[in-house]
Amino acid sequence: MKTKTAIAVALGAWGLAGAMVAVAEPLDDTPRVAVMSAFAPEWGVLQDKLQDRADHVENGVRFVTGTIAGTPVVLLLSGVGMVNAAMSAQMVIDRYDVEAIAFSGIAGGIDPSLSLGDVVVPEQWGSYLNVVLARETADGYEVPPFMHRDFPGFGMIFPQPEMVRREGVEEPEDRFWFQTDPALMALAREAAAAVTLQHCTAPDACLTDAPVVTVGGNGVSGSAFVDNAAMRDYIFATFEAGVVDMESASVAHVAATNGVPFIAFRSLSDLAGGSGAANELEVFMGLAAQNSADVVEAFLGAWASRPAGAQ
12 MKTKTAIAVA LGAWGLAGAM VAVAEPLDDT PRVAVMSAFA PEWGVLQDKL
62 QDRADHVENG VRFVTGTIAG TPVVLLLSGV GMVNAAMSAQ MVIDRYDVEA
112 IAFSGIAGGI DPSLSLGDVV VPEQWGSYLN VVLARETADG YEVPPFMHRD
162 FPGFGMIFPQ PEMVRREGVE EPEDRFWFQT DPALMALARE AAAAVTLQHC
212 TAPDACLTDA PVVTVGGNGV SGSAFVDNAA MRDYIFATFE AGVVDMESAS
262 VAHVAATNGV PFIAFRSLSD LAGGSGAANE LEVFMGLAAQ NSADVVEAFL
312 GAWASRPAGA Q
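FYI, in the numbering used here the residues of the sequence shown are 12 to 322.
Now the structure itself:
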């Protein structure tokens, strides 16, 4: 009996110690804007704008602190995809005093009125690939009665809302759209008026239309690279989305659960299968990453110029 009790106490202590080790330690106490990117070209452009750099690596994630345009920031590379982005967002929230999260990167253009190099700042984001694969019947696709059919399907694919938890609500709620913080949107509009976007990849290789910044509208995210005209048409018709990417909605979800303001800046590197030529990403990725980062820099300048005490 004593042996069993001793083992139980030891296991309990070991479990408590393990839990204590798992708790993230704050890495500094400076209030910062977390600026996330998905992969190296986006991340590199932002680092070029950083002053007073300091690095910290934890669990394979490099956190880079400093200032951009007078605003204290922490930069991090999430990795591509919804799971990587959500994990990284929670990691930075747990380790820093994060006043807001901004995502900077490239995206596929969905709205036919948008052009390569444009920067889009949606006012809401949805996870369009959290789905039911519906049963095919003689009368069409049948969605189980306990699932949602809020949006028309793409063949057997029917989008579903996310299950969202937040402070003060014990029962999770179903939500498809995650709103961008209105105060951050106001700063984005201010930034849009102050920046001139790049339109040439080389002195003799320039876009026909000068890129512009669009603030507002919808964006959608899912862990799939879209290079398909039919899917592009479906996303635009169903969600009225300007852009599609692989991370923003998941970060918006994490931010909402933690009560952290969120905004995403996405520049069009390709048209998600909407052009007659091959996918454009490899040609315009650098230009799009630069344009997104330039708007983020202007946004951070507007953040630094806010009245004292503004949220």
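Beta carbons: idealized from backbone N, C-alpha and C, even for Gly.
Assumed close pair residue i, residue j - CB separation to whole angstroms, cut-off 8 Å
i: A309; j: A149; result: Incorrect: roughly 56 Å between the Cβ atoms, too far for contact.
i: S303; j: V130; result: 6 Å
i: L279; j: V254; result: 7 Å
i: A100; j: V265; result: 4 Å
i: H210; j: A221; result: 5 Å
i: V91; j: F50; result: 6 Å
Alpha-carbon spacing of residue i relative to residue j, whole angstroms
i: G128; j: P156; result: 43 Å
i: F74; j: E291; result: 30 Å
i: E178; j: A300; result: 35 Å
i: T249; j: L218; result: 29 Å
i: G312; j: M93; result: 29 Å
i: S89; j: D305; result: 19 Å
i: L87; j: N95; result: 12 Å
i: R317; j: V143; result: 44 Å
i: V226; j: R186; result: 22 Å
i: P214; j: S124; result: 26 Å
i: T268; j: E201; result: 27 Å
i: M257; j: M296; result: 15 Å
i: E53; j: V84; result: 16 Å
i: V223; j: V132; result: 11 Å
i: N141; j: I274; result: 21 Å
i: A199; j: A235; result: 27 Å
i: G55; j: E184; result: 37 Å
i: L298; j: T212; result: 6 Å
i: A65; j: Q190; result: 32 Å
Residue i, buried or exposed, once every other Cβ within 10 Å from all chains shown has been counted against 16
i: S259; result: buried
i: D180; result: Correcting the residue identity first, residue 180 is Val in this sequence and not Asp. V180 comes out exposed.
i: N229; result: buried
i: V237; result: buried
i: P272; result: buried
i: L208; result: buried
i: M158; result: exposed
i: M174; result: exposed
i: D161; result: exposed
i: R146; result: exposed
i: V323; result: This structure leaves residue 323 out entirely; the chain is present only between 12 and 322.
i: A263; result: buried
i: A216; result: exposed
i: R277; result: buried
i: A97; result: buried
i: W314; result: buried
i: G233; result: buried
i: A252; result: buried
i: G120; result: buried
i: D40; result: exposed
Beta carbon proximity, residue i to chain B, threshold 8 Å
i: A304; result: In summary, chain B is missing from the structure at hand, where a single protein chain is found.
DSSP-derived helix/strand/coil call for residue i
i: A45; result: strand
i: L61; result: coil
i: L279; result: strand
i: A213; result: strand
i: V56; result: helix
i: Q171; result: coil
i: I274; result: strand
i: G392; result: Limits of the chain in this structure are 12 at one end and 322 at the other, which puts residue 392 out of reach.
i: A266; result: helix
i: L86; result: strand
i: D185; result: strand
i: G285; result: coil
i: L124; result: Note that residue 124 corresponds to Ser in the displayed sequence, not to Leu. Three-state result, S124: coil.
i: Y152; result: strand
i: F157; result: coil
i: S261; result: helix
Exercise. Are there three or more Cβ pairs, one per stretch, closer than 8 Å when the stretch 138-156 is compared with the stretch 167-177?
Worked result: yes
Exercise. Is there contact here, the stretch 103-110 with the stretch 41-48, by at least three beta-carbon pairs under 8 Å?
Worked result: yes
Exercise. With contact counted as at least three CB pairs below 8 Å, one residue from each stretch, are the stretch 52-65 and the stretch 74-82 in contact?
Worked result: yes
Exercise. Counting Cβ pairs closer than 8 Å, one from the stretch 136-146 and one from the stretch 112-127, do we hit at least three?
Worked result: no
Exercise. Is it a yes or a no for the stretch 238-247 touching the stretch 279-298, going by three-plus beta-carbon pairs under 8 Å?
Worked result: yes
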